[in-house]
Each structure stands twice: as C-alpha cells, then as structure tokens.
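Taking it in order: structure first as structure tokens, then the write-up.
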Amino acid sequence: MEAMDTPSHPGPGGRGLGDVVAVMAVKRLEQAKTRLAASRGPGHGPLHRALVLAMMVDTVEAVEAAGIGRVIVISPDDAVLTAAGAAGAVGVREPSDSGSSGVTRLNLAFAHATTVARDRWPSARRVMFVQADLPAAGAGSLREVIAAAGAHPHALLTDRDGSGTTILLRDTSLAGPPHFGPNSAAEHRNSGAVEIDPQHEHWPDLRTDVDTAEDLEVARSLGLGPHTVAALADRECSADDTVPIGNGT
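Right, here's the structure in full:
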C-alpha cells in the first residue's frame with residue numbers, strides 16, 4: 181500500500197518535507213553487498229540476503245518517520261519490491277540493464293525512478309536519493325539534512341570518509357542521472373551539488389552506509405534499526421547452532 185502524503189512545515193527557501201520524494205535503488209539480492217558478505221562470511225546465503233533486506237526496510241522506515249510520505253524503491257528483485265511495498269514504499273521494477281556496468285545501471289535506475297516520481301506526484305519539487313543501507317538512520321537527522329539543503333537546488337551529504345555520497349537532494353527540474361559510484365562526492369560536487377556539513381560535524385547515522393563488517397559495527401554503535409537487529413540475531417543464532425557441543429568423546 182502506498183504511504184499517504186504527510187503535510188509538513190516549510191523549511192528554508194519555502195520548501196517542506198511534503199515537497200520531497202525519496203528514491204532508493206537496490207540490486208538483485210544475490211549480487212548485493214558483496215564486500216559486506218566477503219568481510220563477514222560465509223557468503224551470499226539466505227541470512228546475508230535477509231540482512232540486505234532488513235537494512236533497506238530500516239532505511240525506508242526512517243525516511244517515512246521523518247515525515248516523507250512518498251518513497252520509491254527501484255529494483256529488479258521481486259523480494260526487494262515485496263519488502264518495500266510491505267514497508268509502505270512504492271516498488272518500481274528496474275528496466276532491463278542491456279549490459280550496462282554496475283555503476284551505470286545504478287544511476288540509470290535512479291534516473292528512471294525520478295521519472296516515475298515526477299509522473300506519479302507532479303507536485304513534488306525535490307527528489308532525495310538515499311542509499312538503501314543506512315540501518316542507523318534517524319528521522320531527526322533526516323529532517324535536519326533536508327532543512328539544511330532547503331536553500332540549494334542540488335545538495336549532497338557524504339559518507340564517513342568523504343569520498344562517497346549517502347544522500348543527494350535535487351530539484352525535480354534537474355535532468356539526467358546522478359553520479360553514484362566511486363568518488364561520487366567529487367562527481368556530484370563537479371556537477372554543481374553543494375556539500376552539506378563539509379566539516380563532518382553532524383549526522384554520523386546518515387553517513388554510515390554499510391559496505392563492510394567494519395561499517396556494520398560502526399552502525400551498531402550508533403544504534404541499528406529493529407529489522408537489522410533482528411536479522412543479525414537470526415544470523416548469530418544460526419552460527420550458534422553450528423557450534424559442536426562437547427568434544428565428541
């Protein structure tokens with residue numbers, strides 16, 4: 181079921197949360213978060229896929245709790261689209277990639293979802309591209325970032341090391357795909373985006389996207405969302421079940 185639009189007070193520049201559509205893009209689960217799987221083991225099994233889904237759902241719910249009632253998740257994966265719909269987002273099937281590289285495919289997916297958002301909600305004035313692996317994201321932080329970006333038609337928030345982009349906000353009038361991928365922060369700045377909080381003084385929860393086991397531990401220290409907590413508990417219980425009891429003698 182589609183989430184209802186949520187009215188809000190306008191921020192700087194006369195823009196409010198009701199002007200924003202949030203967009204997330206998620207790969208096929210068997211291809212998602214390969215670095216995280218490699219750094220944690222035992223690989224791309226069902227428990228890893230469940231963790232990827234849980235982080236996405238926690239991110240969606242944080243965005244909704246911030247007051248954004250219009251959320252799109254674009255993916256080629258049925259399980260992702262089902263989970264997104266159950267969380268209140270609009271699931272959009274990603275078009276065929278036609279052999280595009282992973283980074284190109286990601287940005288084309290974001291661009292396609294933006295077109296869907298403009299057609300579905302013509303009153304929307306801004307699109308917020310959000311990485312779908314922010315399990316520690318807080319609603320208050322999201323509201324603050326949106327307010328801080330209100331005076332800029334194109335703005336970004338970087339990840340912890342400053343090279344990547346976790347959130348990109350831009351006016352719906354701006355055309356073309358974004359520039360997620362390696363060194364995306366520099367790419368977005370070069371395309372005219374203003375960096376919010378370049379000194380990295382605020383919003384560690386929104387800067388901590390989870391690509392490795394180390395990232396996951398940082399997110400855990402900040403406070404994980406309930407779905408990620410449950411997925412990790414399931415994994416830990418499964419690991420405990422494989423530990424032999426006694427010495428076999």
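In my numbering, the protein residues as written are 181 to 429. Where a beta carbon is used, it is the ideal one built from N, C-alpha and C, also for glycine.
Item to complete: Let me know the alpha helix (DSSP H) ranges lying completely inside the segment 307–356, each 4 residues or longer, listed in chain order.
Response: 319–328
Practice prompt. Determine the burial state of Asn363: buried for a count of at least 16 other Cβ atoms within 10 Å of its Cβ, exposed for fewer.
Written response: What you label residue 363 is simply residue 183 of the sequence shown in a count that begins at 1. By the neighbour-count rule (16 or more Cβ atoms within 10 Å), Asn363 is not buried but exposed.
Worksheet item: Would you call the CB atoms of Val307 and Val203 closer than 9 Å?
Response: Your numbering for residue 307 matches position 127 in the sequence shown. Your numbering for residue 203 matches position 23 in the sequence shown. Yes, Cβ-Cβ distance for Val307 and Val203 is below 9 Å.
Worksheet item: Could you give the distance in angstroms between the alpha-carbon of Gly225 and the alpha-carbon of Lys213?
Response: Translated into the one-based positions of the sequence shown, residue 225 becomes position 45. Translated into the one-based positions of the sequence shown, residue 213 becomes position 33. Cα-Cα distance, rounded: 12 Å.
Worksheet item: Sorted by chain position, which residues of the same chain lie with C-beta nearer than 7 Å to Glu182's C-beta, five sequence neighbours on each side aside?
Response: Stepping through the sequence shown from its first residue, residue 182 is reached at position 2. Residue confidence is low: Glu182 scores 36 on pLDDT, short of 50, so the model does not pin down where it sits. Its coordinate-derived value is still stated next. Counting only Cβ-Cβ distances below 7 Å, and skipping sequence neighbours, we find Val270.
Item to complete: Note down, one range per segment and in chain order, each beta strand (DSSP E) of at least 3 residues found wholly within the segment 253–281.
Response: 270–273
Fill in: Whole-number beta carbon distance between Ala264 and Val451, since they are thought to touch under 8 Å
Lying before the first or after the last residue shown, residue 451 is absent from the chain, which here runs from 181 to 429.
Item to complete: List the endpoints of the continuous beta strand (DSSP E) containing Val203.
Response: The count along the sequence shown starts at 1 and reaches residue 203 at position 23. It spans 200–205 - the beta strand (DSSP E) in which Val203 sits, taken as one unbroken run.
Discussion item. Check whether the segment 386–396 and the segment 301–318 touch, using three or more Cβ-Cβ pairs below 8 Å as the test.
Written reply: yes
Discussion item. Quick check: the Cα distance between Val201 and Phe290, rounded to an integer number of angstroms?
Written reply: Residue mapping note: residue 201 aligns to position 21 of the sequence shown, counting from 1. Residue mapping note: residue 290 aligns to position 110 of the sequence shown, counting from 1. Taking the straight line from one Cα to the other gives about 12 Å.
Worksheet item: Using the rule of at least 16 other Cβ atoms within 10 Å of the residue's Cβ for burial, across every protein chain shown, is Gly426 buried or exposed?
Response: As a working mapping, residue 426 is identified with position 246 in the sequence shown. Below a pLDDT of 50, predicted positions are generally treated as unreliable, and Gly426, at 42, falls in that range; no measurement from the model is reported.
Discussion item. Here's the rule I'm using: 16 or more other beta-carbon atoms within 10 Å means buried, otherwise exposed. How should Thr338 be labelled?
Written reply: The residue given as residue 338 occupies position 158 in the sequence shown. With 16 or more Cβ atoms within 10 Å of its Cβ, Thr338 is classed as buried.
Worksheet entry | Three-state class that DSSP yields for Glu375 in the structure shown | As a position in the sequence shown, residue 375 is number 195, starting the count at 1. Of the three classes helix, strand and coil, the one that applies to Glu375 here is strand, per DSSP.
Fill in: Nearest residue (CA-CA) to Gly268, options Val283, Ile252, Asp257
In the sequence shown, counting from the first residue as 1, residue 268 sits at position 88. Looking at the Cα atoms, Ile252 is the closest of the given residues.
Worksheet item: Which same chain residues, not among the five before or five after Ala319, have their C-beta less than 6 Å away from its C-beta?
Response: Taking the first residue of the sequence shown as position 1, residue 319 is located at position 139. Excluding residues within five positions, the ones whose Cβ falls inside 6 Å are Ala242, Ala245, Ala246.
Item to complete: For Asp258, count neighbouring Cβ atoms within 10 angstroms of its own Cβ and tell me buried if that reaches 16, exposed if not.
Response: Here the question's residue 258 lines up with position 78 in the sequence shown. That one is exposed.
Fill in: Whole-Å CB distance - Ala411 paired with Val374, under 8 Å assumed
Taking the sequence shown and counting its residues from 1, the one referred to as residue 411 is at position 231. Taking the sequence shown and counting its residues from 1, the one referred to as residue 374 is at position 194. Not quite, the Cβ-Cβ distance comes to about 35 Å (not below 8 Å), so this is no contact.
Worksheet item: For Val390, which of helix, strand or coil comes out of DSSP?
Response: Along the sequence shown, read from residue 1 onward, the residue named residue 390 stands at position 210. Coil.
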